[in-house]
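Written below as structure tokens is the structure these notes are about.
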Ligand code: UD1
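Okay, structure coming up:
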């Protein structure tokens, strides 16, 4: 062997592939949606498995799915997909995955797509232990009630010699079993050589788990099969709606505890939902009844809730979002929103703005220090700094065909119940009277009133002329 070949084969041995088994609709779900696409905390179950696998930075990940699910799965996640034509069992799914996997040697992690709560640290520990101990198969196990549907690890004198599936097992006399968690590290070369050895079981399926007995029969090496015991909460197999709800509850609590450990106050963890990719800085306070979703960021000292929904938005330092709904928006430092405001996509609210009850904004930029306290709609608008928007103000941004913009300069005073018929611009320091319908742009410093709104001086003159006429 040349030195190049030897370093190549060493680097091959360090390679890591991942197969995620995700074929089959999951009949117990009783659903049109493939089992692995059912969401847990806003992300498909499979996405959680893939995110965990990706944290190990593997050389390759292949997801095995069935023909009917391949398109919805392909639309929901980005992954290399291999199709198992007929769901003949987990060993057959692995055979399909191995055909699609390019790496030849090293370690392959086989993950069940319906075991979504595994943590990256645990997966890494499985791979590290497997490599250090030079095992051929390493399995994740946990202690489970015997009446559950998991495969049961069989040991003699402490050594694993097989796995018996629930369908083929009489466990009536046992309270608990050592359950197979459905997560395995295999020596890839060994798996490629032996996957074809699996024989069909009494239930008509090709069980991946039968390879444990195959290996145990063929070796005296006590280190060939290793187990890593994990908590049940990491290995929950989600195959019905009850377990789906259990998984959601476990993940929700896990995420909340991480935030609390990092200095975030979660007033009532039983009534708070924070999705996986949300970031919350220390000293933020999340009041009861909040849903923080997507890529939301809550900055230091902000208070959200009670009862707010924040979706893929940033809430600035020391800002407050009281009982409001915020979607794809940026809320600046010290801004007060709500109660009962709706901040829609494309809203950018600069620091020290107050947005009060029953205010809706969309694709609107509001300059710092501005106030929009009550019952307003601001759509496709640009507001300067220190603007006061009176109650009931509406940007009439849609003419039935097109959307138009409203521009409001610095220090403008918009009177109550003003209709701003876009496209229209209020120059800096201008004012509108209560009930004005502004159809033309207003120069800086001017005050307009009436329907349609006119400069206050010309309005006075025309009224005077009218009186003369009578
Ligand atoms: C499997 C294990 C069991 C273990 C449990 C842990 C087998 C035979 N049994 O049982 O020992 O305790 O996981 O959760 O492996 N799949 C395919 N193609 C198929 C069949 C299944 O891709 O033909 C996928 C499924 O989408 C699922 C995973 O493999 O994500 C597990 O399959 P499933 O039939 O649900 O096995 P379990 O009964 O969970």
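Residue numbers (this note's numbering): -12 to 457. In this text, a Cβ means the ideal position worked out from N, Cα and C, and glycines have one as well.
At least one heavy atom of the ligand UD1 sits closer than 6 Å to the Cβ of residue 195. Counting only the Cα atoms, residue 238 lies some 17 Å from residue 251. Here DSSP, grouped into helix, strand and coil, assigns residue 352 to strand. With 16 or more other Cβ atoms from the protein chains shown falling within 10 Å of its own Cβ, residue 127 counts as buried.
Per the coordinates, the alpha-carbon of residue 227 lies some 36 Å from the alpha-carbon of residue 309. Counted as a single uninterrupted DSSP element, the stretch harbouring residue 1 is not any alpha helix (DSSP H), since DSSP gives it neither H nor E.
By the neighbour-count criterion, in which 16 or more other beta carbons inside 10 Å mark a residue as buried, residue 14 falls on the exposed side. Secondary structure of residue 239 (DSSP, three-state): helix. In this structure, the C-beta of residue 51 approaches the ligand UD1 to less than 6 Å from one of its heavy atoms.
The Cβ neighbour count for residue 25, taken over all protein chains shown within 10 Å, is at least 16; the residue is labelled buried. Of the other Cβ atoms in all chains shown, fewer than 16 fall within 10 Å of the Cβ of residue 191; this residue is therefore exposed. Taking the CA atoms as reference points, residue 425 sits about 41 Å from residue 287. Secondary structure of residue 126 (DSSP, three-state): strand. Fewer than three beta-carbon pairs drawn from the region 61 to 72 and the region 132 to 140 are found closer than 8 Å, and the two stretches are therefore not classed as touching. Within the same chain, and ignoring the five residues on either side of residue 84 in sequence, the residues whose Cβ sits closer than 6 Å to its Cβ are 6, 49, 51 and 69. Taking a cut-off of 8 Å on C-beta distances, the region 351 to 363 touches the region 319 to 339, as three or more cross pairs fall below it. Counting C-beta atoms within 10 angstroms of its own C-beta, residue 370 has 16 or more neighbours from the protein chains shown and is therefore classed as buried. Judged by DSSP in its simplified three-state form, residue 438 adopts coil rather than helix or strand. About 15 Å separates the beta carbons of residue 319 and residue 291, which is beyond the 8 Å limit, so they are not a contact pair. Closest in alpha carbon position to residue 282, among 22, 316, 269 and 151, is 316.
Only residues of its own chain outside the window of five on either side were considered, and among them 424 and 426 have a CB closer than 7 Å to the CB of residue 439, listed in chain order. Residue environment analysis places residue 246 among the buried positions, since at least 16 neighbouring C-beta atoms fall within 10 angstroms of its C-beta. Residue 156 and residue 258 have their C-alpha atoms some 40 Å from each other. Following the DSSP letters along the chain, one finds residue 151 inside the beta strand (DSSP E) bounded by residues 146 to 151.
Close CB contacts of residue 265 within its chain, under the 6 Å cut and outside five residues either way in sequence, are with 279 and 283 (chain order).
The Cβ atoms of residue 338 and residue 355 sit closer than 7 Å to each other. Here residue 82 carries a helix assignment [DSSP, helix/strand/coil].
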